[in-house]
Amino acid sequence: MQNTLVRKLFGSSPNPRFKQRGLLLDISRNRVPNMKWLYRFIDALEVLRFNELQLYSEHTFAYQEHSTVWSDASPMTAAEIRSLDAYCGARGIELVANQNSFGHLERWLKHDRYRALAECPEGFTHPISGKHKDPSTLYPSKESLDFIHSLYCELLPNFRSKQIHVGGDEPWELGKGRSQEAVKIDGKQAVYLDYMQSVFDLAEQQECSAQFWADIILEKSSLIQQLPKQVTPVIWGYESDFPFDLHCHAIADGGFRGQFYVAPGAGNWNSFSGRLSVAEANIKNAAQSGHTHGASGLLLTAWGDNGHHQPYATLYPSLILTTAACWGTAISTLELADAIDAVFYKDGELPTGNGAALCELGAIDAMLPQPALPNSFLHSAYFANDSELALLLKRTTTQRLEQVYTVLKEIQVEALDPEIQLSVELSLAAIERCLGKQMPTKDLHLLLDRFTSIWLQSSRTGGLNESLQALKRQN
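This is the structure we're talking about:
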């Protein structure tokens with residue numbers, strides 16, 4: 002049964018739509034997977050014919066001179082990376098280095114030692130949340146480039162790959178602080194490109210070509226032609242209606258046809274259950290547009306924003322859907338469920354029911370209105386303060402919440418994966434809060450104990466306490 006199901010994912014074509022079929026797994030939002038889980042997971046990626054893996058890193062590589070940043074994070078060590086690199090290589094998978102090199106560096110820049118490298122050393126007001134945040138973006142300067150150079154010199158020798166994803170997305174503070182005058186004169190995108198050109202040069206000095214996020218360059222597409230031809234732009238977008246076609250056309254016309262990636266999302270972050278319908282449409286959209294315009298790769302992104310509370314099992318449906326999209330095949334919900342069982346829950350020749358449970362769980366978010374993107378209703382409800390919750394509840398009805406509650410209670414199989422059970426329990430806790438039910442302290446402690454136990458089966462201790470503290474919200 003397994004071989005039949007897996008073969009169906011690849012259809013009748015001998016060749017995939019994309020030369021590179023990758024996964025980016027976030028290891029920088031508290032959850033760093035342990036080696037046992039990673040080895041087993043890489044085996045599944047091999048079955049699905051992924052040939053690229055990236056571990057998204059902001060602060061979770063154990064740089065020898067920077068323990069202040071990672072001491073509580075249980076980071077990947079150089080020896081572990083070399084071991085993973087060999088394991089991936091034996092299975093036809095390229096382990097590509099990943100180190101964000103411009104924005105999203107708050108785990109570094111909040112410390113006094115690094116604050117002088119920041120665009121806004123005293124922090125900034127986040128443009129989406131409106132909240133004051135620690136500095137997250139480097140000031141584009143020689144000192145910042147020297148810092149990034151030192152990281153590359155230590156990180157890259159551990160990989161056989163000659164690629165590195167240097168990030169570069171969402172430099173929120175650029176032009177708001179020390180680079181304000183330069184941005185006024187030349188424009189944000191030009192200042193951005195000038196800095197990133199130097200980052201690309203640093204990668205090239207290590208005999209590596211750079212992948213980078215294309216969001217800022219796409220704000221002013223006339224700059225695409227100024228990019229060095231050895232880099233790989235990566236177009237990211239995570240909603241079903243993201244304009245991949247428009248952006249792929251711009252990148253391809255800018256001289257990068259055959260040398261860019263599309264990067265849809267797994268749809269499982271800021272959610273306890275996974276936004277499966279959104280993920281499916283998003284992946285299909287990215288694959289179709291990328292194929293039409295000559296993308297060389299598809300990189301599925303699995304983020305862990307706001308504490309990575311979702312168990313890893315919520316990623317499995319999107320991995321199957323990505324394989325099907327990369328080979329241009331269509332699968333039904335029943336086939337998706339059976340394929341999940343075949344790849345991730347091998348149990349003789351029979352389906353375990355976990356695949357069906359994940360598909361049912363992934364359909365929950367579509368039953369409720371979606372708050373600010375890319376969040377799910379129940380995830381938002383769990384963490385909302387009282388006034389935020391009141392606004393959320395105006396968007397649905399008690400009857401609909403009770404319907405969702407009933408569906409969640411019915412997601413049961415004889416041998417339900419504890420990760421799936423945890424997703425159900427977290428979702429039920431959110432529903433009960435919406436229905437005005439106070440969670441008894443004893444029940445909250447039991448939920449937190451289960452969360453801890455299941456976390457430690459797949460992930461390291463670093464970051465666990467921070468994610469637990471977030472779950473201890475006021476009921």
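Per my numbering, the sequence shown runs over residues 2 to 476. Backbone N, C-alpha and C fix where the C-beta goes; we use that ideal spot for every residue, glycine too. Since we're looking at a predicted model, the values are computed, not measured.
N-terminal and C-terminal residue of the beta strand (DSSP E) that residue i is part of
{"i": "LEU236", "result": "Checking the sequence, you will find Ile at residue 236 rather than Leu. Where ILE236 is concerned, the enclosing beta strand (DSSP E) stretches over 233-237."}
{"i": "PHE103", "result": "Neither: PHE103 is in no beta strand (DSSP E) and is coded neither H nor E."}
{"i": "TRP214", "result": "210-214"}
{"i": "ILE412", "result": "First-last for ILE412: undefined, no H or E at that position."}
{"i": "ILE186", "result": "Run containing ILE186: none in the beta strand (DSSP E); it sits in the alpha helix (DSSP H), 181-187."}
{"i": "ILE165", "result": "164-166"}
Which residues DSSP lists as bridging residue i, in chain order
{"i": "LEU24", "result": "LEU54, LEU301"}
{"i": "THR126", "result": "HIS133"}
{"i": "PRO97", "result": "Note on identity: in this sequence residue 97 is Val, with Pro being the wrong assignment. Answer is GLN55."}
{"i": "SER460", "result": "PRO34"}
Residues of its chain near residue i, where Cβ-Cβ distance is below 7 angstroms and the 5 sequence neighbours each way are ignored
{"i": "PHE51", "result": "ARG22, GLY23, LEU24, ILE94"}
{"i": "GLU420", "result": "PRO312, TYR313, ALA314, ILE455"}
{"i": "TRP109", "result": "HIS60, VAL70, TYR115"}
{"i": "PRO34", "result": "ILE28, SER459, SER460"}
Residues near residue i by beta carbon distance below 8 angstroms, same chain, minus five either side
{"i": "SER84", "result": "MET36"}
{"i": "GLU426", "result": "LEU448, ARG451"}
{"i": "LEU429", "result": "TYR406, LEU409, LYS410"}
{"i": "LEU301", "result": "GLY23, LEU24, LEU25, ALA264, PRO265, GLY266, ALA267, ILE284, SER319, LEU320, THR323"}
{"i": "GLU144", "result": "ALA117, LEU118"}
{"i": "LYS132", "result": "THR126"}
{"i": "CYS360", "result": "LEU277, PRO318, THR334, LEU337, ALA338, ILE341"}
{"i": "VAL192", "result": "PRO141, LEU175, GLY176, SER180, ALA183, VAL184"}
Same chain, Cβ closer than 6 angstroms to residue i, neighbours up to 5 away in sequence not counted
{"i": "TYR383", "result": "ALA431"}
{"i": "ILE236", "result": "ALA215, HIS248, VAL263"}
{"i": "VAL414", "result": "GLY354, ALA358"}
{"i": "GLU174", "result": "GLU120, CYS121, PHE125, THR138"}
Residue range of the alpha helix (DSSP H) that includes residue i
{"i": "TYR115", "result": "113-116"}
{"i": "ALA264", "result": "ALA264 -> not in any alpha helix (DSSP H); beta strand (DSSP E) instead, spanning 262-264."}
{"i": "GLU467", "result": "465-472"}
{"i": "ASP246", "result": "245-252"}
{"i": "GLU120", "result": "From DSSP, GLU120 is part of no alpha helix (DSSP H); its letter is neither H nor E."}
Cβ pair residue i, residue j closer than 8 angstroms
{"i": "GLY255", "j": "ILE225", "result": "yes"}
{"i": "HIS105", "j": "GLU171", "result": "yes"}
{"i": "VAL344", "j": "LEU299", "result": "no"}
{"i": "ARG8", "j": "GLY305", "result": "no"}
{"i": "ALA373", "j": "SER319", "result": "no"}
{"i": "PHE273", "j": "HIS309", "result": "no"}
{"i": "PRO128", "j": "LYS111", "result": "no"}
{"i": "MET77", "j": "LEU96", "result": "no"}
{"i": "LEU194", "j": "ILE165", "result": "no"}
{"i": "ARG92", "j": "CYS327", "result": "no"}
C-beta neighbour in chain E for residue i, strict 8 angstroms
{"i": "LEU300", "result": "Among the chains in the structure shown there is no chain E, since it carries only a single protein chain."}
Item checked: Length at least 3, wholly inside the stretch 33-91: the beta strand (DSSP E) runs in chain order -> Segments of the beta strand (DSSP E) lying fully in the stretch 33-91: 53-57.
Notebook entry, point to check: At what residue ranges does the stretch 333-385 contain a whole run of the alpha helix (DSSP H), taking only runs of 4 or more?
Noted result: 334-345, 355-363, 378-384
Margin query: Quick check on the DSSP output: what are the complete beta strand (DSSP E) runs of length 3 or more inside the stretch 271-323, in order along the chain?
Written below: 298-303
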